[in-house]
Amino acid sequence: MTNSLSSIVSLICIVASVIGLIFRARGLHVTVTQLTEDWWRLRGVEKERGSEILRRSRLFKVPSLSQGLLTLAERRLPEGLSAVEKQRWTQEMRADVASLPRRKRLRVSFNAWRTGAPGIPVGAEDAPRSVRE
Amino acid sequence: MASSQTPRMSSETLRILGAMLEDPLAWHYGLGLSSAAGIASGTIYPMLARLEKAGWLESRWEEQGPNDEGRPRRRLYKLTGHGERAAMAELEEIAEVASRVKRRRERGVLGKKRLA
């Protein structure tokens, strides 16, 4: 029993190390760290919205996770957008994501958080890459 | 309440218009256009709003069927007649410029000074 348990633990450690290496190689470790921090900040700072999202499902249930990611993405909307434009982004993005197949929902909302919203002011679509990134 | 002002023709705006012109009678939703045009989701909705304000697009909320209960309605966009004509004109102008540059490169004219 003890041997089985230690084997399982060792296996988990190995798998986690491999995943970590892959993430580090692809530069994703920063992304995952930042996402985790944002997620916990969401739970801590906006307890009502965070708990509302989590209350309706378990943490990794895909539909709620994607909507949680969109909540985080909304916080990264560029400063140049007006309140009306931000509201339209919120409303339309959530509706569009909700209509996607399950697997695509998570990927799209993750990309919205990671790259889609931040750093691009309105009207600066032709800005040089160094400014946009 | 559409204004007659021409929206700014950035490369991303042209890509959106190109994607919509592939099927000018169809209603499109934001993420679908974002994917078709290869544009990040953060920029697509403000662009669509500006095109709508200029009268190039019209929009409406989708009508949901019985299988769509529980999810919010999407906002759909379509080219107006004016928008379709104007978008075609912009893309044709770009194509003409590109063609002209290509012809001059092929003739070896570009980069050489011309005598008055």
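Protein sequence lines correspond, in order, to chains A and B. If you use my numbering, the first sequence corresponds to residues 7 to 139, in order. If you use my numbering, the second sequence corresponds to residues 92 to 207, in order. Where is the CB? At the ideal position from N, CA and C, for every residue including glycine.
(message) Within a Cβ cutoff of 6 Å, which residues of the same chain sit near R106 (chain B), ignoring the five residues on either side of it in sequence?
(response) Here residue 106 (chain B) corresponds to residue number 15 of the second sequence, with the count starting at 1. If we look at R106 (chain B) and ignore the five residues flanking it on each side, its Cβ neighbours are A128.
(request) Pull up the distance between the alpha-carbon of N9 (chain A) and that of V15 (chain A), whole angstroms please. (result) As a position in the first sequence, residue 9 (chain A) is number 3, starting the count at 1. As a position in the first sequence, residue 15 (chain A) is number 9, starting the count at 1. A direct Cα-Cα distance of roughly 10 Å separates N9 (chain A) from V15 (chain A).
(message) Which residues does DSSP list as the beta-bridge partners of K169 (chain B)?
(response) As a first step, residue 169 (chain B) must be located in the second sequence, where it is residue number 78. Answer is B:E149, bridged to K169 (chain B).
(message) Applying the 10 Å Cβ sphere with the 16-neighbour rule, what's the burial state of D114 (chain B)?
(response) In the second sequence, the residue the question calls residue 114 (chain B) occupies position 23. Counting of Cβ neighbours within 10 angstroms places D114 (chain B) among the exposed residues, the total staying below 16.
(request) Below 7 Å between beta carbons is the criterion; list the residues of the segment 139-173 of chain B that meet it against any residue of chain A, in chain order. (result) Taking a C-beta cut-off of 7 Å against chain A, the contacting residues of the segment 139-173 of chain B are A140, R162, P163, R164, R165, R166, listed in chain order.
(request) Work out the CA separation of T134 (chain B) and S13 (chain A) for me, nearest whole Å. (result) Locating residue 13 (chain A) in the first sequence gives position 7, where the first residue counts as 1. Locating residue 134 (chain B) in the second sequence gives position 43, where the first residue counts as 1. Approximately 49 Å between the Cα atoms of the pair.
(request) Could you please give the first and the last residue of the uninterrupted alpha helix (DSSP H) stretch that includes A89 (chain A)? (result) For this step, residue 89 (chain A) is matched to residue 83 along the first sequence. DSSP places A89 (chain A) in the uninterrupted alpha helix (DSSP H) bounded by 89-104.
(message) Checking the sheet assignment: what are the DSSP bridge partners for Y120 (chain B)?
(response) The residue you call residue 120 (chain B) lines up with position 29 of the second sequence. Note: Y120 (chain B) sits in a beta bridge opposite B:L167.
(message) Counting C-beta neighbours from all protein chains within 10 Å, is the total for R100 (chain A) 16 or more, i.e. buried, or is it exposed?
(response) Numbered from 1 along the first sequence, position 94 holds the residue referred to as residue 100 (chain A). Looking at its Cβ environment, which holds 16 or more other Cβ atoms inside 10 Å, R100 (chain A) is buried.
(request) With distances taken Cα to Cα, identify the nearest neighbour of L167 (chain B) among B:T97, B:R151, B:H173. (result) As a working note, residue 167 (chain B) is residue 76 in the second sequence. Measuring from the Cα of L167 (chain B), the nearest candidate turns out to be B:R151.
(message) For a quick check, are the C-beta atoms of L122 (chain B) and V24 (chain A) less than 8 Å apart?
(response) Your numbering for residue 122 (chain B) matches position 31 in the second sequence. Your numbering for residue 24 (chain A) matches position 18 in the first sequence. In this structure, L122 (chain B) lies away from V24 (chain A), with their beta-carbon atoms at least 8 Å apart.
(request) Closer than 8 Å by C-beta to L124 (chain B): which residues in its own chain qualify, once you throw out the five before and the five after it? Chain order, please. (result) Stepping through the second sequence from its first residue, residue 124 (chain B) is reached at position 33. Cβ within range, chain order: I107, A110, M111, I130, I135, L139, Y168.
(message) Measuring only the C-alpha atoms, how far is E85 (chain A) from W119 (chain A)?
(response) Walking along the first sequence from the start, residue 85 (chain A) turns up at place 79. Walking along the first sequence from the start, residue 119 (chain A) turns up at place 113. E85 (chain A) and W119 (chain A): Cα-Cα distance of roughly 15 Å.
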